[in-house]
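**Q**
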Amino acid sequence: AQEYHDKLAGEKQNWRQSYQNQLGAALESQRGALYRQFNRLIRFRVDQERGGRLANLEQVQDLLKELEGISRSMAGVLRAQTEAAHINQALLAMRQVVDQGVDQHPVDLELVTLQRLTRDAAEASRSGTGHDYQASVAALASVQDQVADEGIQTLPALRNRFRLVREQIRRTALVPEDGGMLSHTLSMALSKLMFKKQGLVGGEDTEAILARTEYYLDQGDLDSATRELNQLTGWSKQVSRDWLEAARQHLGLKQALQVVETELMMNQLALP
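In the working numbering, each residue's number is its place in the sequence shown (first place is 1) plus 390.
The following block contains the structure:
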């Protein structure tokens with residue numbers, strides 16, 4: 391566990407350094423653009439007044455106003471770039487926990503950080519000094535408090551848990567909805583004689599549904615796996631209920647992160 395946390399800390403540090411380098415390069419680029427534009431303005435004014443002196447105080451004031459406008463514009467661009475870099479860093483940290491962790495992991499700190507950054511960016515956009523992140527704010531607000539506090543089951547954890555659930559479902563597959571203890575005992579005994587299907591097989595029987603669910607999980611397609619398992623009925627559906635809820639929570643959080651990622655990309659494309 392310590393080795394995993396050390397590795398996670400190292401990767402986060404590498405990401406942080408990478409984005410700091412990108413931000414520094416962006417700042418240097420904008421600084422150069424501002425300098426070049428200033429020089430062009432000066433040359434233009436000098437050319438206009440060639441053969442005489444630079445007109446009068448009003449012309450100087452006009453020039454200063456132009457430069458102030460350029461400065462404000464560049465400051466807004468730099469602020470938006472810094473904003474996007476921070477949101478992207480927080481998004482990567484959240485995805486690291488959700489996608490690559492092996493156990494259920496609390497995401498309250500990462501979620502609070504991402505919510506704060508997108509909320510601040512949305513507030514700035516309303517005052518005309520930033521890009522809009524309203525969709526991200528709404529998507530993150532929809533994440534259940536239980537998920538933030540208790541954590542999210544990662545895809546590897548859901549795969550491992552499904553293997554246990556699958557065996558429990560097989561043992562109850564032949565139990566009718568109103569079956570008693572005897573029905574459960576007979577179903578458990580007969581389950582040992584049932585042929586275990588594998589892969590993307592056809593059919594609507596329990597074994598076929600379980601086989602397709604496992605296939606989609608192995609392919610990393612949690613959405614399709616959840617749809618398959620949700621087709622179960624009776625006792626099998628009851629046994630799968632907790633796993634389905636954990637899978638839906640995972641998918642809900644991933645969907646919220648996808649909204650943030652999409653809005654972030656669109657805002658970055660809108661930068662000059």
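Backbone N, C-alpha and C define an ideal beta-carbon position, used for all residues, glycine too. None of these values were measured; they are calculated from a predicted model.
Determine the contact status of L622 and I599, defining contact as a CB-CB distance below 8 Å.
**A** Yes; because the gap between Cβ atoms is below 8 Å, this pair is in contact.
**Q** Along the chain, where does the alpha helix (DSSP H) that runs through D613 open and close?
**A** Here the alpha helix (DSSP H) through D613 covers 612-619.
**Q** Can E456 and A480 be called in contact, C-beta distance under 8 Å?
**A** Cβ distance not < 8 Å, so E456 and A480 don't count as in contact.
**Q** Leaving out five residues on either side along the sequence, give the residues of the same chain with a beta carbon under 7 Å from the beta carbon of E401.
**A** Only Q486 meet the Cβ criterion.
**Q** To the nearest angstrom, how far is the alpha carbon of G592 from that of L619?
**A** Those two C-alpha atoms are separated by around 14 Å.
**Q** Alpha carbon to alpha carbon, how far is R560 from S532? Give it in angstroms, no decimals.
**A** Near 35 Å, if we compare the C-alpha coordinates of R560 and S532.
**Q** Give me the residue from A514, Q524, W625, L431 with the minimum Cα distance to A646.
**A** It is Q524.
**Q** If you measure between the beta carbons of V537 and V497, is that distance less than 8 Å?
**A** The answer is yes: Cβ separation under 8 Å.
**Q** Taking a contact to mean a Cβ-Cβ separation below 8 Å, would you say L504 touches A636 in this structure?
**A** Cβ atoms of L504 and A636: not closer than 8 Å.
**Q** For the putative contact between T616 and L641, defined by C-beta atoms under 8 Å, what is the C-beta separation to the nearest angstrom?
**A** Yes, T616 and L641 are in contact; Cβ-Cβ is about 7 Å, under 8 Å.
**Q** Candidates F552, T652, Q420: which alpha carbon is nearest Q471's?
**A** Cα-wise, what sits closest to Q471 is Q420.
**Q** Let's test the definition: count the other Cβ atoms within 10 Å of the Cβ of L590 and tell me whether it reaches 16, buried, or not, exposed.
**A** By the 10 Å Cβ count, L590 comes out exposed.
**Q** Can you grab the Cα-Cα spacing for the pair D345 / Q639, in whole Å?
**A** With the chain running from 391 to 662 in the structure shown, residue 345 is simply not present.
**Q** Given a threshold of 16 other Cβ atoms within 10 Å of its Cβ, counted over all protein chains shown, does S408 qualify as buried or as exposed?
**A** S408 comes out exposed.
**Q** Got a sec, what are the start and stop residues for the alpha helix (DSSP H) V527 sits in?
**A** Run containing V527: 524-531, per the alpha helix (DSSP H) assignment.
**Q** Given a cut-off of 8 Å, decide if V650 and T562 are closer than it, judged by their beta-carbon atoms.
**A** Taking 8 Å as the Cβ cut-off, T562 and V650 do not qualify as a contacting pair.
**Q** On the CB-based measure, 16 or more other CB atoms within 10 Å of its CB, does G414 come out buried or exposed?
**A** Label assigned to G414: exposed.
**Q** Less than 6 Å between C-beta atoms, sequence neighbours within five positions excluded: which residues of the same chain meet that for L583?
**A** With a pLDDT of only 48 at L583, under 50, the local geometry of the prediction cannot be trusted, and no value is derived from it.
**Q** Under DSSP, the alpha helix (DSSP H) around Q628 begins and ends at which residues?
**A** Here the alpha helix (DSSP H) through Q628 covers 624-659.
**Q** E557: buried (16+ other C-beta within 10 angstroms of its C-beta) or exposed?
**A** E557 is exposed by the Cβ-count criterion.
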